[in-house]
Ligand SMILES: [Fe+2]
């Protein structure tokens, strides 16, 4: 009987024992966020709570082990962050310069009063593999290429098919223009839905910038969005100047009125869009926008269609963008390809190009023009818009 009892204890405790002994490891990433001329965020996750840092080195041909590389820690108000989501902001980089980076995490076993016990280390492989290399933006660049996908709704095959059309040797940035997920319920969904695929294709070395869609706002994990997709300002709307283009990235929020039954009383997007409009009015006065030869707006919900969110975009953002000479708005949300030029009576005085859920925008700006082209899943060009430099 006693033996049977011990066998029972061994059996019921086995799953817990197996789980508790899982090796400390990196689970997702690393990937780049908020890359600018002199800084970048690097994000990754681990299966257990840890402190984290990045070792950064120029991509100058020296061996990574040639010397001690500078360490930049994940920290907040002077305290190293203990988390499973690691976000290291690196500033003070040189513009138009290539860097290598190695991510490093050390498990925190316990933290009681003054005593912290550390566990194992999980870091990027350096000895046999090449570390990822990224290049900071060049303010003097005359030529820039970028790609935009949106409304993938967790379809990794489509993401692979569309991003497979990008010439990565000549593409400096990628925008995810919203609704990459159906909703946001946990961390695993972010990575299983699209982010692991993005990382395997480009996101550890080519920066991805996110314009949040309405589906990313839904679900009990939606409030964690900026932990995984940080921006330089901490807001989900921002200006991004790279070479001749100033991108105005907006967060258009939800599509129905805030009181809609679907939102269960959790939506507050009218006030959010009003605050964003106040920011936009000021931001459009900045030299990085005013002096840019090309002024491109990235916004998930377009300013037409008659739904509340669309009307809000038309009423709160578009007049400011008209006034400031915005040259094109790239949108999604509708799951079809639409091009609306400025029309008599239309709110917008620039073309609005809506990319479908089965196409990719590829664009190149140079001194002569900004050429924006749309390609379907098979790689066939289905539309194009040419923008002339504003100055
Ligand atoms: Fe949408």
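In our numbering, the protein residues as written are 181 to 571.
From the three backbone atoms N, C-alpha and C, an ideal C-beta is built for every residue, glycine too.
Since we're looking at a predicted model, the values are computed, not measured.
Chain-order list of residues whose beta-carbon lies under 8 Å from that of residue i (same chain, five-residue window excluded)
i, result
"residue 517", "534, 535, 536, 539, 554, 562 and 563"
"residue 448", "438"
"residue 435", "394, 481, 487, 488, 489, 490 and 513"
Contacting residues, own chain, Cβ-Cβ under 6 Å from residue i (five flanking each side not counted)
i, result
"residue 569", "473"
"residue 341", "557"
"residue 387", "212, 215 and 353"
"residue 520", "532"
"residue 502", "529"
"residue 265", "225 and 407"
"residue 253", "233 and 260"
"residue 181", "Annotation note: pLDDT 42 at residue 181 (below 50); position unreliable, coordinate value reported separately. If we look at residue 181 and ignore the five residues flanking it on each side, it has no Cβ neighbours."
"residue 371", "208"
Environment of residue i [buried if 16+ CB atoms lie within 10 Å]
i, result
"residue 293", "exposed"
"residue 210", "buried"
"residue 201", "exposed"
"residue 522", "exposed"
"residue 184", "Below a pLDDT of 50, predicted positions are generally treated as unreliable, and residue 184, at 43, falls in that range; the measurement from the model is reported next regardless. Its Cβ having fewer than 16 others within 10 Å, residue 184 is exposed."
"residue 248", "exposed"
"residue 492", "buried"
"residue 323", "exposed"
"residue 241", "exposed"
"residue 226", "buried"
"residue 455", "exposed"
"residue 268", "buried"
"residue 361", "buried"
"residue 279", "buried"
"residue 573", "Here the chain has residues from 181 to 571 only, and residue 573 is not among them."
"residue 444", "exposed"
"residue 235", "buried"
"residue 245", "exposed"
"residue 451", "exposed"
"residue 547", "exposed"
"residue 545", "buried"
"residue 483", "buried"
"residue 446", "exposed"
"residue 565", "buried"
Any non-hydrogen atom of ligand 2 closer than 7 Å to residue i Cβ
i, result
"residue 537", "In the structure shown, ligand 2 is absent; the only ligands present are ligand 1."
Closer than 7 Å: residue i CB and nearest ligand 1 heavy atom
i, result
"residue 394", "yes"
"residue 480", "yes"
"residue 331", "yes"
"residue 358", "yes"
"residue 488", "no"
"residue 208", "no"
"residue 513", "yes"
Opposing strand residues paired with residue i [DSSP bridges]
i, result
"residue 556", "539"
"residue 354", "327 and 388"
"residue 563", "554"
"residue 339", "Its beta-bridge partners do not exist; DSSP assigns none."
"residue 285", "232 and 302"
"residue 477", "428 and 509"
"residue 149", "Lying outside 181 to 571, the shown extent of the chain, residue 149 is not represented and no answer is given."
"residue 290", "297"
"residue 418", "429"
"residue 382", "Bridge partners of residue 382: none, in fact."
"residue 520", "532"
"residue 314", "279"
7 Å CB neighbourhood of residue i in its chain, flanking five on each side removed
i, result
"residue 411", "214 and 418"
"residue 429", "389, 391, 417, 418, 420 and 478"
"residue 327", "346, 351, 354, 540, 541 and 542"
"residue 239", "278, 279, 280 and 313"
"residue 272", "218"
"residue 318", "275, 276 and 423"
"residue 289", "297, 298 and 299"
"residue 398", "363 and 364"
"residue 304", "282, 283 and 311"
"residue 453", "433, 492 and 496"
Could you give the uninterrupted runs of the beta strand (DSSP E) lying entirely in the segment 195 to 279, keeping only those of 3 residues or more? Here the runs fully enclosed are 206 to 213, 220 to 238, 251 to 253 and 263 to 270.
Whole alpha helix (DSSP H) runs in the segment 436 to 500 with 4 or more residues, listed along the chain? You should have 449 to 463, 467 to 470 and 488 to 492.
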